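Chains as they are written, first to last, in the numbering used here: chain A, 1 to 388; chain B, 1 to 388.
Where a beta carbon is used, it is the ideal one built from N, C-alpha and C, also for glycine.
All of these numbers come straight from a predicted model, not from anything done at the bench.
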């Protein structure tokens, strides 16, 4: 049985350079606008100037929440929510990658409540309304532009936590591949690892029955990332590559692949620990963890699912599942660490190995974590050591 | 460039036998409900009794629009709209296949206007509101449960015409594969041909650039239909087969594959002529036309796209595009006429060849029709002769 529900209210506008609908739709929600962004990158590509000019020309009151960093902090969300309340913000325009959009989505529900961000993320407070969010994606990978989730970090508590609420679906997301031409090779590679990890860790490698249609679609998406990732890294202005990655990113985590499976995405949860402690880029963390987790859980029960991916995506032909699964892990490692040139080891990232025990406890909440293979804290430590 | 916009507001509930949310959501829109259905089939499977009992128990006022036939008529839509206005219907519950749901969607916008159905379909009147529609799919193929379109036939004028309006997106569609267990082999086969025709005629075989990601997803969907169609025909209660076909059907025509291409779906338009004149089941008409259209337009310009599908879906390995394209048509014919046992010729369906000239004119509106290969009325006649 494959019971699931799916409802994606977000409107996607996929276009190259045409932002007429962007300004019209932002203004349709009001003239008190908060622009959320990170740092220099949207200024470097001229997008910041264009947006502020266009909205000023329409007599909008534009406020800014800038300096959103990767692994966005709850304190920044609280800053944004305060600004929204003080200025009666009517619409939030998030321009950036996953961190900027996640921050904006968290602001949207925090602003509508008389609460702090962390109380909402930890579900102490249930938001009942949200300020509309419109996004312009400038870095591809997280898929947040087409879903109802965000991931927020509490630096003080060293906790990075996902949060989902249907109020957080962006109203409209603008996907323009040309805006990603200037994304550096490293971030492009991290984005590819992130997309793959969404296909694999949150869907394909989940336990339980899988509808063959969706398995086949996931394999199609996997092949797309494998094919176009290295092209986008080598030729940053390759439209074909950027477009395919951009749409794959949105489709990979919008719920269409989930098939109703409700199991923890184990590698994501391990990665959240790493990011919370050491502020690692999420896609990079996933690239380091995913193949090592695969090696660790590879046995007679799991080999078939890994081998299936290897045959469909890496063109492997070994009929023995264990052999084929091992080659699949190898092919994935070559893709991530060689084709995409991502670092492969935590030690090379300056991460100490002193907190692994605590991380293992955190991942398992003191007990056991489900997924393709149930794991206890000691298993998590072993996997982290494989990553080290 | 792949500019497109996508927004699918319909909520999908995919489940086996659990209809608790169905009744709750229908009643959330009101207690004056119109049930739209065809004939005996929903009574035979006990669904009619269950629905009427459950809604009666909730003190709903239930009105019925029954006897919706395949190629639903505008007169039936007008009957339904009149009933809606007379009884202040608050929500329409459509239980059936594509014809029933198309009829209900047309009723929903006609009822909200002071106009006749045909004035809306022909765009003389623009509807501004619609009664909410909730669907329960009992025959798979058309994909109407997840899109904004309907196809309505004017028997008197011998015109079958498609119509799209965002007001017509169903609010919720319930997809329960077990409800399709009793669909006869012939209708199951027609549904499979319909799904394939949506993948091919409205997307894959369209002219213009195609995002590789979507091409690859379409091939995944094509393989799914080829794999599970014959299983569903041979084993009507095979849940796996019914589930895959049911979800493929919805995904094939919900806009996600379209990639912004705005060209006429030529085979669909030819088929609409056949159905308007001779009341043929749409999926069957598509099965007869599609391979013959492929043969007719197969040349150095089109062979590559046909061959690509053949290699990815039928496992063909010929490197020469023309050879491979010819084999692709052959493989498609074997699938439709042998594996699915669908009739292959118009002559065997009792269709005379006396109206082909007029049909050719109608398809081309007197001029030329676009698509992968622009065609004039004489071409349409030639294609129809190949089908005869």
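Proximal chain A residues relative to residue i, where beta-carbon distance stays under 7 Å
i, result
"residue 15(B)", "3"
"residue 224(B)", "212, 213 and 216"
Spatially closest choice to residue i from the options, by CA coordinates
i, options, result
"residue 363(A)", "106(A), 309(A), 315(A) and 377(A)", "377(A)"
"residue 354(B)", "77(B), 374(B) and 277(B)", "277(B)"
"residue 329(B)", "31(B), 287(B) and 192(B)", "287(B)"
"residue 108(A)", "118(A), 55(A), 375(A) and 133(A)", "133(A)"
"residue 299(A)", "323(A), 284(A) and 312(A)", "323(A)"
"residue 59(B)", "85(B), 84(B), 75(B) and 28(B)", "28(B)"
"residue 153(B)", "115(B), 71(B) and 17(B)", "71(B)"
"residue 379(A)", "150(A), 292(A) and 39(A)", "292(A)"
"residue 180(B)", "351(B), 297(B), 235(B) and 91(B)", "235(B)"
"residue 125(A)", "165(A), 383(A), 91(A) and 137(A)", "165(A)"
"residue 163(A)", "151(A), 157(A) and 155(A)", "151(A)"
"residue 171(A)", "115(A), 160(A) and 94(A)", "94(A)"
"residue 336(A)", "135(A), 21(A) and 284(A)", "284(A)"
"residue 246(B)", "232(B), 388(B) and 259(B)", "232(B)"
"residue 67(B)", "174(B), 21(B), 347(B) and 39(B)", "39(B)"
"residue 386(A)", "340(A), 296(A), 310(A) and 375(A)", "296(A)"
"residue 175(A)", "167(A), 158(A), 144(A) and 186(A)", "144(A)"
"residue 267(A)", "214(A), 173(A), 116(A) and 381(A)", "381(A)"
"residue 343(B)", "289(B), 301(B), 241(B) and 360(B)", "289(B)"
"residue 18(B)", "13(A), 2(A) and 19(A)", "2(A)"
"residue 20(A)", "136(A), 36(A) and 361(A)", "136(A)"
"residue 44(A)", "127(A), 96(A), 263(A) and 106(A)", "96(A)"
"residue 182(B)", "49(B), 41(B), 331(B) and 338(B)", "41(B)"
"residue 65(A)", "115(A), 275(A) and 106(A)", "106(A)"
"residue 12(A)", "358(B), 259(B), 294(B) and 146(B)", "259(B)"
Proximal residues of chain A, C-beta to C-beta of residue i below 8 Å
i, result
"residue 138(B)", "Going along chain A, no residue has its Cβ under 8 Å from residue 138(B), so there is no contact; the nearest lies around 18 Å."
"residue 134(B)", "Result: empty, since nearest Cβ-Cβ is about 13 Å, beyond 8 Å."
"residue 9(B)", "7 and 9"
Cross-chain neighbours of residue i in chain B, by beta carbon under 9 Å
i, result
"residue 168(A)", "Residues of chain B passing the Cβ test: none, with the nearest at roughly 17 Å."
"residue 219(A)", "216 and 220"
"residue 12(A)", "4, 5, 6 and 7"
Closer than 7 Å: residue i CB and nearest the ligand ATP heavy atom
i, result
"residue 30(B)", "The ligand content of the structure shown is nil, which means the ligand ATP is not present either."
Within chain B, the residues that residue i reaches when beta carbons sit closer than 7 Å
i, result
"residue 243(A)", "2 and 211"
"residue 248(A)", "213"
"residue 101(A)", "Per Cβ cutoff of 7 Å: no residues; residue 101(A) is ~18 Å from chain B at best."
Assumed close pair residue i, residue j - CB separation to whole angstroms, cut-off 8 Å
i, j, result
"residue 249(B)", "residue 110(B)", "25 Å between Cβ atoms; not a contact."
"residue 101(A)", "residue 131(A)", "Contact doesn't hold; Cβ gap of about 14 Å is too wide."
"residue 55(B)", "residue 256(B)", "Not really, about 33 Å apart at Cβ, beyond 8 Å."
"residue 9(A)", "residue 169(A)", "5 Å"
"residue 228(B)", "residue 244(B)", "5 Å"
"residue 224(B)", "residue 212(A)", "6 Å"
"residue 199(B)", "residue 265(B)", "Actually they are not in contact, since the Cβ atoms of residue 199(B) and residue 265(B) sit about 11 Å apart, beyond 8 Å."
"residue 272(A)", "residue 160(A)", "4 Å"
"residue 73(B)", "residue 155(B)", "6 Å"
"residue 112(A)", "residue 91(A)", "13 Å between Cβ atoms; not a contact."
"residue 375(A)", "residue 356(A)", "Not really, about 14 Å apart at Cβ, beyond 8 Å."
"residue 347(B)", "residue 388(B)", "5 Å"
Where in the region 32-91 of chain B do unbroken runs of the alpha helix (DSSP H), each at least 4 residues long, occur, reported from the N-terminal end onward? Every alpha helix (DSSP H) of 4 residues or more that sits fully in the region 32-91 of chain B is shown, in chain order, as 41-44, 47-57 and 74-87.
Are the region 312-319 of chain B and the region 277-290 of chain B in contact at 8 Å, needing three or more beta carbon pairs? In short, these stretches do not touch, since the Cβ pair count stays below three.
Counting beta carbon pairs with one atom in the region 215-222 of chain A and one in the region 212-222 of chain B, are three or more of them shorter than 8 Å? Output reads yes: the region 215-222 of chain A touches the region 212-222 of chain B.
Whole beta strand (DSSP E) runs in the region 117-158 of chain B with 3 or more residues, listed along the chain? Entirely contained in the region 117-158 of chain B, the beta strand (DSSP E) runs reaching 3 residues are, in chain order, 133-137 and 149-154.
Is there contact between the region 198-216 of chain B and the region 370-384 of chain B, where contact requires at least three CB pairs shorter than 8 Å? Yes, since at least three Cβ pairs between the region 198-216 of chain B and the region 370-384 of chain B fall closer than 8 Å, the two stretches touch.
Counting pairs of beta carbons, one from the region 22-38 of chain A and one from the region 179-199 of chain A, are three or more of them closer than 8 Å? At 8 Å Cβ cutoff, the stretches do not touch.
Is it the case that the region 67-79 of chain B contacts the region 114-130 of chain B, given that we only count it when at least three CB pairs across the two stretches are under 8 Å? Verdict: yes, contact present.
In chain order, which continuous runs of the alpha helix (DSSP H) of length 4 or greater are located wholly inside the region 322-351 of chain B? For secondary structure counted as the alpha helix (DSSP H) over 4 or more consecutive residues, the region 322-351 of chain B holds no complete run.
Ranges of the alpha helix (DSSP H) found wholly within the region 264-294 of chain B, counting only runs of at least 4: Within the region 264-294 of chain B, the complete alpha helix (DSSP H) segments of 4 residues or longer fall at 266-278, listed in chain order.
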